[in-house]
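Residues in the sequence shown are numbered consecutively from 522, following my numbering.
The C-beta atom is built at its ideal place from N, Cα and C for all residues, glycine as well.
Bear in mind the structure is a predicted one, so any value in this text is a computation, not a measurement.
Heads up: the structure comes next, in structure tokens.
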Amino acid sequence: MTSSATKGHTRVQWAITILCNLTVFTYGLQCGWMSPATVLLQSPNSPTGRPLSTSEVSWVASSASLAGVLGAFVFIKTVDRFGRKMGILVMTVLQALVWIVKLLPASTTTLIIARVFSGMAGAGCFHVVPMYVKEIAQDSIRGSLSSVAALAQSIGILVMFLMGGFLDYYTVLWIVVGLPIVTFGMLLKAPESPSYLVKVGKTEEATRVLAFLRGLDVEDKEIQNEIDVLKREDEYYKSMPSISMATVFKTKPWRKACIIMILVILVHAFNGSFSVLNYTATLLQDSGMNISPELQSLSIPIFMTLGSIVTIITIDKLGRKLILGSSFAATALAFACMATSSVLKMYGWIAPAWINVTMMMVLICCYGGGVCPLPFIVMTELFNFQIRAKLMGYLVMLAWFTSFIQLVIFSELTSRYGAHVSFCMFVVINVLATALVVLVLPETKGKSIEELEKELTEGRRRKCVTMS
């Protein structure tokens with residue numbers, strides 16, 4: 522008898538994953554827009570009619586991070602009520618508004634409004650999209666499908682850097698304004714996640730969707746088994762009292778998963794890579810290496826893309842722990858080299874300029890392939906359906922807020938005490954992050970929610986029994 526694995530296919534899962542990640546590609550375009558636009562906005566040829574001050578540009582840039590907190594809160598309240606697909610559709614509307622507002626006569630106000638819409642949609646890129654992809658993906662390719670988001674963001678940044686370097690301000694906007702509108706139209710044909718359909722009582726539709734996603738018949742045993750698991754989970758959690766944060770912290774596996782992910786998000790946000798991304802030009806200039814501005818700007822998305830591709834290829838073979846732990850360890854080593862170089866420079870010793878440049882590229886590669894995407898992939902796998910939307914939303918809010926704080930701290934520490942102090946702080950944080958991943962974070966590759974919750978509840982005791 523032929524197995525289901527050989528009868529089915531994954532083409533539909535890949536196609537829908539790529540489709541919904543067009544929103545993340547658009548987010549990458551919006552992230553990449555700020556860098557080339559800043560030079561123009563502060564020049565005499567600014568579309569606002571006057572050069573913007575450093576303070577105004579700072580508000581335009583930082584408003585997206587603060588709006589991300591608001592966006593995450595909005596999605597917490599909507600994706601469990603109206604569905605994951607609806608959440609992604611709302612994201613495309615917000616992303617269309619970003620470009621439409623920027624096409625209006627440019628001013629500080631319109632630019633900030635556009636960045637607010639961008640930040641709100643960006644929250645969904647790290648909340649709704651990974652959740653939707655996890656719920657449509659089969660276990661064997663779940664990691665690869667979830668990693669597409671990091672690649673989409675990196676390619677979006679690269680494309681915007683290329684366009685921003687060769688095309689004028691409004692030409693770029695007219696080219697990209699239609700993308701979220703087209704994405705919205707195509708997403709109307711995409712299915713809702715089977716988990717959500719079971720939750721709202723549409724079991725027959727969930728069965729058809731699951732069969733469509735797996736390339737199998739609705740009567741196939743594999744489809745029936747998956748639906749039975751979803752139904753049992755739904756019945757169990759519906760029998761429980763209304764789930765609040767108090768309930769989460771009273772339930773041991775949920776409490777442990779939540780605490781672990783809070784710690785992972787904190788080290789992710791404060792590990793320093795985000796600051797390096799935002800201050801790459803300044804850091805490259807300080808390195809003393811003569812690199813053209815064009816090459817400087819393109820190096821960021823190129824190395825982020827490289828890291829993303831490596832992760833897509835390896836994540837379902839090597840697992841989440843190894844890639845994330847290695848990324849934090851490599852980042853710690855890179856910051857240690859940069860800190861040493863800065864200290865030597867203070868005492869009159871000049872380290873080779875290529876060392877800092879190489880270490881920065883290592884940082885960016887590790888960020889694109891590990892530090893940035895993997896915490897959000899792991900949390901979709903660690904939380905069950907009943908608490909996934911709420912807890913992921915709160916964690917995304919925490920990530921956006923702490924990323925904003927990190928930028929402020931890095932700028933202040935560097936200006937007052939020198940870059941070496943910030944780099945040393947980031948070394949310590951990344952060493953702690955490596956230890957956290959290796960010693961505490963459970964491996965989620967290929968495991969069901971039931972297996973992970975059992976491991977969180979009994980894992981340590983089970984190991985002790987085995988050793989004895």
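So, helix, strand or coil for residue i, using DSSP?
i: residue 590; result: helix
i: residue 571; result: coil
i: residue 524; result: Note that residue 524 scores 43 on pLDDT, short of 50, meaning its location in the model is unreliable; the coordinates nonetheless yield the value given after this. Here residue 524 sits in coil by DSSP.
i: residue 873; result: coil
i: residue 791; result: coil
i: residue 964; result: coil
i: residue 627; result: coil
i: residue 972; result: helix
i: residue 689; result: coil
i: residue 565; result: coil
i: residue 772; result: coil
i: residue 699; result: helix
i: residue 616; result: helix
i: residue 941; result: helix
So, are the CB atoms of residue i and residue j less than 9 Å apart?
i: residue 554; j: residue 633; result: no
i: residue 690; j: residue 873; result: no
i: residue 898; j: residue 833; result: no
i: residue 913; j: residue 530; result: no
i: residue 883; j: residue 849; result: no
i: residue 785; j: residue 958; result: yes
i: residue 924; j: residue 586; result: yes
i: residue 906; j: residue 751; result: yes
i: residue 685; j: residue 556; result: yes
Classify residue i as buried or exposed, calling it buried when 16 or more other Cβ atoms lie within 10 Å of its own Cβ.
i: residue 514; result: It is not possible to answer for residue 514, since the shown part of the chain is limited to 522 through 989.
i: residue 926; result: exposed
i: residue 641; result: buried
i: residue 869; result: exposed
i: residue 973; result: buried
i: residue 536; result: exposed
i: residue 938; result: exposed
i: residue 740; result: exposed
i: residue 921; result: buried
i: residue 666; result: buried
i: residue 790; result: buried
i: residue 643; result: buried
i: residue 742; result: exposed
For the pair the stretch 662 to 679 and the stretch 545 to 560, tell me if three or more CB-CB distances fall below 8 Å. yes
At what residue ranges does the stretch 875 to 914 contain a whole run of the alpha helix (DSSP H), taking only runs of 4 or more? 895 to 903
For the stretch 712 to 761, list the alpha helix (DSSP H) runs that are entirely contained and at least 4 residues long, ordered along the chain. 715 to 720, 724 to 735, 742 to 759
Determine, using beta-carbon pairs with one atom in the stretch 560 to 567 and one in the stretch 606 to 622, whether at least three such pairs fall under 8 Å. no
Decide yes or no for the touch test of the stretch 820 to 829 against the stretch 960 to 975: beta carbon pairs closer than 8 Å, at least 3 of them. no
Segment contact flag, the stretch 964 to 971 with the stretch 899 to 910, C-beta cutoff 8 Å, min 3 pairs: yes
Decide if the stretch 622 to 629 is in contact with the stretch 685 to 703; the criterion is three or more beta carbon pairs, one per stretch, under 8 Å apart. yes
Pairing CB atoms from the stretch 851 to 863 with CB atoms from the stretch 936 to 956, are three or more of them under 8 Å? yes
Using 8 Å as the cut-off, can you tell me whether the stretch 700 to 709 makes contact with the stretch 607 to 614, which would need three or more C-beta pairs spanning the two stretches below that distance? yes
Whole runs of the alpha helix (DSSP H) within the stretch 636 to 668, excluding any shorter than 4 residues: 649 to 657
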